[in-house]
Structure formats: structure tokens, C-alpha cells
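**Student:** Residue numbers (full-length UniProt numbering): 7 to 245. Positions of the beta carbon are idealized from the N, C-alpha and C atoms, including for glycine. I have a structure I would like to understand better, so I am pasting it below and will then ask my questions one at a time.
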Amino acid sequence: FNDMAKYKRILLKLSGESLMGEKQYGIDEKRLSEYAEQIKEIHAMGVEIGIVIGGGNIFRGLSGANKGFDRVKGDQMGMLATVINSLALSSALGSAGVKSHVLTAVRMEPIGEFYSKWKAIECMEKGEVVILSAGTGNPFFTTDTGSSLRGIEIEADVMLKGTRVDGIYTADPEKDKTATKFTEITYDEIYHRGLKVMDLTATTMCKENNLPIIVFDMDTPGNLKKVMEGEAIGTLVHN
Ligand code: UDP
């Protein structure tokens, strides 16, 4: 373990939507390989890496329900979408020369091995990136909650939430030009200000289990490494 890295073990959350890159749907190979390169950079620092990816670029149970799909089946479709994204990332990591292992919250061997905390830690200790797919395995949850849960389970030092915005703002910076960015914020202040960082279930799990989050812009190459080097480029959320 290289002491250049601020954290020994991380849980990286990537949204499915960000995998679309410039596209309207699905996976942009260019974005995917950019992410793989960024992950490779911090892997080379000796960091133990767990990753949770969303599925919003393919299917979301809630939007499906609004179009008449059964919510539980829609959520299952969403969970399968996260498996598709996880396999794509695993493949891109392989092309970049980084070994990874996809675990699934629902049994579907041989696509991925069934998740357990110990299996995930074993992979990371062997130097593999571990991709924790299918969210929590349950409907009515999100991958943000999945990543809070997995981050806590695998005893990550921090959850890194890679987004297209460079942190948490007083208001949506894409809509309100007067919005200002927080360098640091407490969980209580997020509730108090009604900020939409993650859904409340995910936020509460992190708060109650004392898992800090860093929200940062993952779409700029090199940023993941900067976060690992302790540069304050995003927003740190803590108790
Ligand atoms: N999902 C679920 N349970 C989970 C995680 C995800 O049912 O534990 C479903 C849910 O339908 C969700 C979809 O998978 O909408 C995709 O995940 P999410 O919306 O979190 O993806 P993101 O917004 O990060 O792309």
C-alpha cells in the first residue's frame, strides 16, 4: 500500500447514466475506457477498490412503473441493467490490464459469483477490483443505497460518488447560477437544507454507520487520482 493514497479501501459509485457519455441510451465505449483508465491509475497506487454501478442508462424501475410496468419487475430489470454495466466495466478494465471480478447480489453464475462480504474482501486483498452488481438484490432500493450498504459491509474508508457535477451546491448549479459549492458538509445539514445528494435511505445508512462520502466530478480524467491524493476537488460529507 502506497502512502500517497489517502484511503486504503474505497467504494466507488458510478451512475449508469454517466456511462452514456454523449449518447442518449446505453454505453459509450469512450466514456467506459476513460473510467477504466482512471480506475487503473488509483489501482496502481495500491488502493483496494470496490465499485457499484447504476443502471439508469438502460432501465429504472420507477420510470418503468410510470409507463405501466409492474414496479417489482421493473426494479428487477433495473438490477439486471446494473449487471450489464458491471460486465462492460469489467471488460474495459481487462483491456486496460486491470484484473476485476464481478459479484452479483442475485445468483446468476456463471455471469458473476454470488456476493458475500468475505468474497469481496478476498478479491480486493488479491489485488483485484471488485464490482458489486445488482444493487442490494431487492426492489424499491437504488444503487446509491446499494453502494452505501456495500461500502459499510466491506469496511471502506470512504464512498466516492463520481458524478458529472464537481460537488454539492446550495442549489442545482445547472439551473441556478448563484449556487455555491460546499467543500465540506455534515449529514445533518444535508437533511436540514433538503439537498438531493442521494436518496434519503442511502444518506441515512451512511450517516448511521459513519461512512463519509466524497462527491466529485468523475467525468474529468485524472480527478479520481486527485481525490485519492487528498486534493479537495469535490465535497466531503461527514457526521
Ligand atoms: N434497483 C433495485 N434495487 C437495488 C438497486 C437498483 O431495484 O438495490 C433498480 C431500480 O429500479 C433502479 C435501477 O435498478 O432504478 C437502476 O439503478 P439506479 O436508478 O440507482 O441507477 P443510476 O441512477 O445510478 O444510474
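1) Nearest to A162 by alpha carbon, out of V112, I239, I196 and S153?
2) Taking 8 Å as the cut-off, is the C-beta of L68 nearer than that to any heavy atom in ligand 1?
3) Confirm the yes/no value for this check: CB of G152, any heavy atom of ligand 1, distance under 8 Å.
4) Measuring only the C-alpha atoms, how far is E131 from G61?
5) What's the C-alpha gap between K36 and L20?
6) Beta-carbon within less than 6 Å of A11's beta-carbon, same chain only, minus the 5 sequence neighbours each way: which residues are those?
7) Which whole-angstrom value describes the C-beta separation of A42 and F65, a residue pair presumed to lie in contact below a C-beta threshold of 8 Å?
8) For T151, which of H198, D205, T110 and G22 has the nearest alpha-carbon?
9) For the stretch 10 to 69, list the beta strand (DSSP E) runs that are entirely contained and at least 3 residues long, ordered along the chain.
10) G240: which of D76, Y175 and S139 sits nearest, CA to CA?
11) Whole-angstrom Cβ separation of S139 and S69, contact assumed at under 8 Å?
12) Using alpha carbons as the reference points, say which of T110, D81 and D172 lies closest to V203.
13) Where does I191 fall in DSSP's three states?
14) At which residues does the alpha helix (DSSP H) containing G168 begin and terminate?
15) Can you grab the Cα-Cα spacing for the pair A94 / I55, in whole Å?
16) In chain order, what residues of the same chain lie with their CB nearer than 6 Å to the CB of V78, ignoring the 5 residues before and after it?
17) Which residue wins for smallest C-alpha separation from K231, given the options Q30, M211, H49 and M83?
18) Just verifying my parser: in three-state terms, what is the DSSP assignment at E131?
**Tutor:** Judging by the given coordinates:
1) S153
2) yes
3) yes
4) 27 Å
5) 15 Å
6) M51, V53 and M234
7) Rounded, the Cβ-Cβ distance is 23 Å, inconsistent with contact.
8) D205
9) 15 to 20 and 54 to 59
10) Y175
11) Wrong, their Cβ atoms sit about 20 Å apart, outside the cutoff.
12) D172
13) strand
14) Note, G168: premise wrong, no alpha helix (DSSP H); beta strand (DSSP E) at V164 to T169.
15) 17 Å
16) P145
17) H49
18) helix
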